[in-house]
Every structure is written in C-alpha cells, then in structure tokens.
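Structure first, then comments.
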Amino acid sequence: HATCQVVHFESEIDRGDKAWTEGTNSLLPKSIRVLWSRKVGEDFHARFSALSRRYMYLIYRRDTESAMLNGRATYVRRELDDQAMHAAAQSLLGEQDFTSFRAAGCQSKTAMRNVMHTKIYRQGGILIFDIKANAFLQHMVRNIVGSLLEVGRGAQDPSWISHLLSSKDRTLAAPTAPPDGLYLVGVAYPESAQLPTELALPGLLLAV
C-alpha cells in the first residue's frame, strides 16, 4: 500500500493543479486517488530527488482474524512484546550495510542505507513499526519486520537484530513478513521543490 506515492510526468498541456488532480482521478479506478498536483522544475525526479522515505507496518492480534482488516494489516496469533521489538529496532539506526534484510533479487548496487528514525508503538489495537531512511532495499522493511516478530514472540533476544546486521547474511534472518501491513506514508524532498510535506497516515489508523 501507499498513502504518499509521488510520481512525475512531462506534458505540454497547460492546466491548473486542481484540474490535473480532478481530471486524473476521473480516469483512475477507485482504489487509486491523486491527492494533489504541482508543477516542478525540469530537474525534478520523483525517485532521485527524494531525500528520504518513510514506511509504516501495521500488525494486529486478536483471537480471530478481522474481516475488516483483511489485506490492510498483518494478523498474528500470539501476543507480542512491543518493548523488546522497539529496543531491537534501535540497532537499525545510522548508516549500515543491510545485506541481511535485502531480497535475493534486489538490483541495488549497494546495501548501504541510512536509517534516520525507527519506532514501535501501539495505537488502539494496532502495533505500528515506523521507519524512515534515505532509501530502502527491495523487501527491506518486510524482512526487518519478519525478524522483529521473532523478537516480539520471545524466540530471539533484542540483540539478535544487531547480530543479523553484522552477519550480512540474509539466510540467518527470519522469513519475509506478509505485504498486508506495509504502507509508504511519506517521501521528503528539498524545500525548493515546494511539495506538500504532511505525513499521510493509513486510513485505518485514523479510526482507532
């Protein structure tokens, strides 16, 4: 999922921002909405101009799975120790080699990434993993969550995450977490781009 996916395109047509937003939405399926439009300079690139990206991963635990949350958050059967998970996640901060959390088919030339913020907390019945970095490797967030879940279940100590980073071995980490709970919620750009900067929370978090 994405609540803040930024794209760019070139056009010779001159229209106002509102006209671009409403006109594009009239042609899109209901599962995709354009929230805003802005004119940018020729040197702007939605991917390469970005300074950072922010993801949230949503997890919930109940006696039975929720029909309303199906496909929108990841279900777990056992209670999770969110404090242990938060402590483990602090090992991710800083510029490090994330080979242990990259997909086998990842095409990135380097596994070095700079994680600027990471936090695990509860909001209502939802456990949230919040992470911000300059960029992410393929499946990096889901691979990290898979290992954090092992810590939350008590199968591994919080220090295990640091050990995995040092090992640079994907086979030592836990399986990839499901895609259901993953949301791209923010992309930061230079102020000169003059783009909206507010965080776009997943809709279900606004109701809990």
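The working numbering puts the first residue of the sequence shown at 288, with every later residue one more than the last. Even glycine gets a Cβ: it sits at the ideal position worked out from N, Cα and C.
Among the options, which residue has its Cα nearest to the Cα of residue i?
i: residue 341; options: 473, 314, 424, 380; result: 473
i: residue 327; options: 357, 355, 344, 293; result: 293
i: residue 381; options: 403, 334, 349; result: 403
i: residue 368; options: 377, 441, 433, 309; result: 441
i: residue 424; options: 374, 361, 388, 379; result: 388
i: residue 362; options: 305, 459, 433; result: 433
i: residue 391; options: 374, 446, 349, 456; result: 456
i: residue 299; options: 336, 357, 415, 329; result: 329
Straight-line CA distance for residue i to residue j?
i: residue 413; j: residue 454; result: 31 angstroms
i: residue 407; j: residue 316; result: 33 angstroms
i: residue 366; j: residue 437; result: 11 angstroms
i: residue 307; j: residue 295; result: 12 angstroms
i: residue 347; j: residue 410; result: 10 angstroms
i: residue 444; j: residue 312; result: 47 angstroms
i: residue 301; j: residue 309; result: 15 angstroms
i: residue 426; j: residue 395; result: 12 angstroms
i: residue 428; j: residue 335; result: 20 angstroms
i: residue 478; j: residue 325; result: 13 angstroms
Less than 8 angstroms between the CB atoms is what I'm expecting for residue i and residue j, so what's the real figure, rounded?
i: residue 487; j: residue 290; result: 4 angstroms
i: residue 343; j: residue 489; result: 7 angstroms
i: residue 397; j: residue 376; result: At roughly 22 angstroms, the Cβ-Cβ gap does not stay under 8 angstroms, so residue 397 and residue 376 are not in contact.
So, helix, strand or coil for residue i, using DSSP?
i: residue 487; result: coil
i: residue 302; result: coil
i: residue 329; result: coil
i: residue 289; result: strand
i: residue 262; result: Past the edges of the chain, shown from 288 to 495, lies residue 262, and the structure says nothing about it.
i: residue 435; result: helix
i: residue 320; result: coil
i: residue 429; result: helix
Sequence ranges, beta strand (DSSP E) only - wholly within the stretch 394 to 427, length at least 3: Taken in chain order, the complete beta strand (DSSP E) segments of 3 residues or longer contained in the stretch 394 to 427 are 399 to 410, 413 to 420.
Runs of alpha helix (DSSP H) lying entirely within the stretch 437 to 461, each at least 4 residues, in chain order: Within the stretch 437 to 461, complete alpha helix (DSSP H) segments of at least 4 residues are found at 446 to 454, given in chain order.
Continuous alpha helix (DSSP H) assignments of at least 4 residues falling wholly in the stretch 344 to 404: Listed in chain order, the complete alpha helix (DSSP H) runs (minimum 4 residues) inside the stretch 344 to 404 are 369 to 376.
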